[in-house]
Amino acid sequence: MSDDSAIAVGDVSVTAALLRAARVAAQATDDAFAADKLTVDHYLVLDTLAARPGATMAELRVDTRIPAPTLTRVVDRLVSIAAVYREVDPDDRRKVRVHPSPRGRQLHARLSLTVRDVEEQWLGELPAPESADLVRALAGLVRVGP
């Protein structure tokens with residue numbers, strides 16, 4: 001019998017481990033958002049707009065890592081529920097800026113609580129120091145990523 005805590009980092013592909021963990025997190029989050037008929041992609045857009053209201057579609061694509069055609073559908077859905085609105089950039093009419101509406105800010109706040117609950121369920125198995133180390137490591141990977 002093997003002890004999972006004895007697995008050495010070199011024994012596991014970091015990419016495979018990250019992808020599996022991301023899929024578990026995305027599925028748990030999607031399940032939690034199902035009643036709202038939203039997905040983790042909708043949340044990522046709202047979360048980005050909470051930090052950067054008025055981001056362009058190109059900026060949203062970079063920040064969320066959502067492919068452009070999918071991002072358009074995600075923003076279309078958020079527009080349809082009055083969570084965000086689009087506005088042509090007054091300085092460069094080729095750019096479209098996306099803004100959260102008051103309803104979108106409320107939705108983001110509510111979904112953020114749901115995400116926090118999912119994270120607590122998922123990370124609750126880890127001791128607090130390991131959980132904090134994991135969050136720092138993942139944030140670092142995102143900062144230095146391609």
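1 is the number of the first residue of the sequence shown in the UniProt record's numbering; add one for each residue after it.
Glycine included, C-beta positions come from ideal geometry on N, C-alpha and C.
Note that the structure is predicted; figures quoted are calculated from it, not measured.
Contact check, residue i vs residue j, beta carbons under 8 Å
i, j, result
"S101", "V84", "yes"
"V135", "A32", "no"
"V74", "I66", "yes"
"H108", "R77", "no"
"V40", "T29", "yes"
DSSP-derived helix/strand/coil call for residue i
i, result
"R23", "helix"
"E87", "strand"
"E130", "helix"
"R143", "helix"
"D3", "Legend: pLDDT at D3 = 48, less than 50; position of this residue unreliable, no value from coordinates given."
Cβ neighbours of residue i in the same chain (closer than 8 Å, five flanking residues each side left out)
i, result
"G54", "E87, R97, V98 and H99"
"S131", "L123"
According to DSSP, residues forming a beta bridge with residue i
i, result
"T56", "R97"
Whole-number beta carbon distance between residue j and residue i, since they are thought to touch under 8 Å
i, j, result
"G104", "L46", "6 Å"
"A68", "R61", "6 Å"
"L44", "T64", "4 Å"
"A25", "W122", "7 Å"
Close beta carbons around residue i, own chain, < 7 Å, minus the five adjacent residues each side
i, result
"A16", "none"
"S2", "For S2, the predicted model reports a pLDDT of 43, less than 50, meaning its position is unreliable; a value from the coordinates is still stated below. None."
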